[in-house]
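Here is the structure we will look at, set down as structure tokens.
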Amino acid sequence: MAYRDVYESWKRDPEAYWMQAAEAIDWVTPPSKALFDDNAPLYEWYSDARVNTCWNAVDRHVEAGRGEQTAIIHDSPITHSRREISYVELRNRVASLAGALRAKGIEKGDRVIIYMPMIPEALEAMLACARIGAIHSVVFGGFASNELAVRIDDCRPKAIIAASCGLEPGRVVHYKPLLDGAIDMAEHKPEFCVIFQREQEVAQLEEGRDVNWYGFQFGVEPAECVPVEGNHPAYILYTSGTTGAPKGVVRPTAGHLVALNWTMKNIYDMNPGEVFWAASDVGWVVGHSYICYAPLIHGNTTIVFEGKPVGTPDAGTFWRVIAEHGVSGFFTAPTAIRAVKREDPTGALASKYDLSGLRTLFLAGERADPDTIEWAQKVLNVPVIDHWWQTETGYSIAANPMGIEKLPVKIGSPSVAMPGYDIRILDEGGHEVAPGQLGAIAVKLPLPPGTLPTLWNAGDRFRKSYLTTFPGYYETGDAGMMDEDGYLYVMARTDDVINVAGHRLSTGAMEEVLAAHPDVAECAVIGVSDDLKGQLPVGFLCLNAGSDRAQDDVVAEVVRLVRDRIGPVAAFKLALVVDRLPKTRSGKILRGTMVSIADGKEFRMPATIDDPAILDEIRAALQRIGYAA
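Counting from 1, position 407 in the sequence shown corresponds to residue 407 in UniProt numbering; the numbering is continuous, with no gaps.
Next comes the structure, spelled out in structure tokens:
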């Protein structure tokens with residue numbers, strides 16, 4: 001079937017569509033129906049089923065005779081080490097850890113925080129929780145103590161599983177002092193902490209509270225899989241909220257299994273046994289969905305990578321991993337590709353490796369600008385597919401469904417709505433706008449299986465954040481437009497649509513123009529307050545490594561480009577060359593924080609910021625042109 005046929009078959013009969021997709025999952029008690037709408041607009045999927053995530057991700061592959069297949073490849077250019085774990089070994093390790101947690105009193109419904117770096121033990125901890133019905137909440141390893149404390153108080157874990165340290169190029173990140181500090185700050189105290197000691201740093205354990213990863217498993221009976229209800233939370237994942245307080249996105253077990261399994265073939269065109277690599281981190285939704293759960297549920301080999309796109313040791317590290325491990329599908333953020341491109345503008349390092357096994361590069365996390373896509377297409381000679389989704393949804397809202405039909409690529413668009421998502425572009429009054437017009441991107445309810453049914457302990461906040469602006473719709477918080485062919489264009493967060501003298505303009509469209517300049521490696525555009533026009537755009541430019549152009553010349557050229565391609569209405573006259581842009585650890589540019597700095601407003605330091613020192617550089621650059629007073 002072609003994409004349009006598949007999408008229309010979902011639209012005609014969503015119930016039949018999702019019940020058929022559910023047949024790929026091993027159920028203890030199969031669902032009697034797919035959608036439960038008794039409590040609309042709070043919808044649930046497969047609620048009366050009983051199932052176990054760990055069984056579907058690990059044990060069933062062993063039972064099917066594929067236990068010797070590699071489940072996890074750990075590749076750490078920082079420690080110069082590689083390791084492979086088969087499905088049968090993974091099952092044994094997870095069952096042992098789960099048994100030890102159970103022996104310490106962890107039961108179905110208990111929360112467990114996981115605070116670990118990119119090592120296989122992080123996935124084992126997630127799966128061990130799922131095995132016994134505990135609800136895990138992974139917090140990015142190295143998060144500041146106060147941010148970890150906030151999450152401890154919100155989800156009230158009975159236990160915390162952590163590593164002694166994380167590793168960054170050239171430094172050791174000491175996790176244990178951060179963990180101890182967080183527990184001291186938090187009102188809620190965990191009953192115990194499990195510490196995985198890494199050889200790079202052996203942490204001091206606190207007597208009576210801390211137990212050693214291996215020591216507490218000794219002599220304990222391995223745990224079998226515990227069936228849970230379909231609507232039982234698999235995990236809580238905190239995402240930043242506009243109030244500064246994190247939002248705990250809840251992921252329901254059954255819908256999560258069905259949806260992620262469906263995506264591996266239909267969106268990523270992966271077959272069981274093939275190697276899939278999502279170059280992200282387990283602290284972010286991409287890590288949950290596409291490092292841990294989806295590849296394992298589908299029977300793929302997944303890569304856990306402890307490194308950076310550049311500097312470990314160079315901008316060819318991605319290509320080395322793909323070549324050495326036979327990666328078929330590769331998923332990363334556009335910002336990672338831009339970092340590689342900035343260090344290696346000609347793509348010379350890619351030519352050192354045999355990349356013939358790579359079929360597709362998938363991009364998500366930030367807008368994929370045309371220049372980045374075209375560069376990657378030229379260097380890799382494979383389709384480069386942008387797709388768009390959110391922490392809240394857990395997988396693609398819009399994508400090019402490579403396993404159904406490879407649709408024509410329209411650069412700048414993540415392509416079309418996936419089954420389950422009825423996307424509409426709405427004006428401020430909630431009315432649909434014409435094709436090509438900018439508006440708020442919303443999804444008609446109900447959302448499909450696996451998406452968030454609520455926020456942890458915050459049902460009212462869930463309604464207010466997502467369901468009240470446009471009744472009957474999920475508000476994505478993104479702005480964009482749709483063309484006559486149904487291709488979606490995600491232009492900016494709703495907050496990033498600026499109003500210049502009464503004209504609503506997308507900062508994303510301006511960034512697209514700036515990124516097309518041959519000397520610009522990366523860029524961002526923000527709207528700053530202006531007494532006359534309301535807001536004015538300011539561009540920030542990072543130049544390619546080795547560029548010897550005068551900065552003033554590049555600035556003059558990009559100003560002229562915006563005027564030519566968007567028009568004088570954009571009033572784009574200010575651009576600054578900076579060494580780097582402030583980003584989250586997952587690669588998102590912190591535009592909202594930059595706006596606050598420019599307008600001289602107080603702001604809360606983003607918990608997910610990669611390097612706070614960059615904000616001082618941005619402030620200094622803005623002060624040179626009369627902002628950030």
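Even for Gly, the Cβ is constructed at its ideal location relative to N, Cα and C.
Report yes if the CB atom of residue i is closer than 7 Å to the CB atom of residue j, and no otherwise.
i           : j    : result
A95         : A223 : yes
C193        : I152 : no
I303        : W277 : yes
A575        : G539 : yes
D610        : K583 : yes
L361        : V382 : yes
E8          : A34  : no
residue 632 : I78  : One cannot answer for residue 632 here, as it falls past the ends of the chain, which runs 1 to 629.
S164        : A203 : yes
Need the endpoints of the beta strand (DSSP E) that residue i sits in, please.
i    : result
K308 : Unbroken run through K308: none, as it is neither H nor E.
Y238 : 233 to 239
R367 : Note, R367: premise wrong, no beta strand (DSSP E); not H, not E.
K176 : First-last for K176: 175 to 185, but that is the alpha helix (DSSP H), not the beta strand (DSSP E).
E168 : 165 to 168
A545 : Segment: none, A545 is in no beta strand (DSSP E) and carries neither H nor E.
On the three-state DSSP scale, how would you describe residue i?
i           : result
L455        : strand
A339        : helix
L35         : strand
residue 701 : The structure shown does not extend to residue 701, since the chain spans only 1 to 629, so no value can be given for it.
L532        : coil
D478        : strand
K464        : helix
V249        : strand
R82         : strand
P537        : strand
F603        : coil
T469        : coil
K352        : helix
F331        : strand
E229        : strand
Y115        : strand
A130        : helix
Y293        : helix
residue 630 : Because the chain spans 1 through 629 in this model, residue 630 falls outside it and cannot be assessed.
H61         : helix
How would you write the range of the alpha helix (DSSP H) that residue i sits in, first residue to last?
i    : result
S67  : The sequence shown places Gly at residue 67, rather than the Ser named in the question. Segment: none, G67 is in no alpha helix (DSSP H) and carries neither H nor E.
N261 : 253 to 266
C155 : 145 to 155
N92  : 87 to 103
W10  : 3 to 12
D371 : 370 to 380
W319 : 317 to 325
Have a look at residue i and residue j and give me their C-alpha separation to the nearest angstrom.
i    : j    : result
R209 : E89  : 29 Å
I113 : P471 : 34 Å
P190 : F36  : 35 Å
V578 : H61  : 50 Å
V173 : P370 : 36 Å
E68  : P272 : 13 Å
Q390 : L543 : 29 Å
N266 : M402 : 6 Å
W27  : R604 : 45 Å
K341 : P449 : 37 Å
P334 : P309 : 11 Å
N300 : F331 : 14 Å
S137 : Y238 : 8 Å
P41  : L445 : 7 Å
N400 : Y214 : 44 Å
E392 : R549 : 43 Å
V555 : L514 : 10 Å
E274 : V558 : 43 Å
To which residues of the same chain is residue i closer than 7 Å at the C-beta, ignoring the five residues directly before and after it?
i    : result
P257 : The question names Pro, but residue 257 is Leu in the sequence shown. The residues are I25, V51, T53, N56, I297.
Y395 : A259, L260, T263, S289, W389, G450
A521 : R338, K341, R342, C542, L543, N544
Enumerate in chain order the residues of its own chain whose CB-to-CB distance from residue i is below 6 Å, with the five nearest sequence positions on each side excluded.
i    : result
V500 : K533, Q535, A571
E512 : D369
F216 : A100
G508 : R367, M491, A492
D344 : A315
Cutting at 8 Å between CB atoms, please list the residues of its own chain near residue i, excluding the five before and the five after it.
i    : result
W319 : L349, A350, K352, Y353, L355
V58  : A71, Y87, L90, R91, V94, L127, L296
R563 : A570, F572
Can you find a CB in chain B that lies within less than 7 Å of the CB of residue i?
i    : result
I303 : Any reference to chain B falls outside this structure, which holds one protein chain only.
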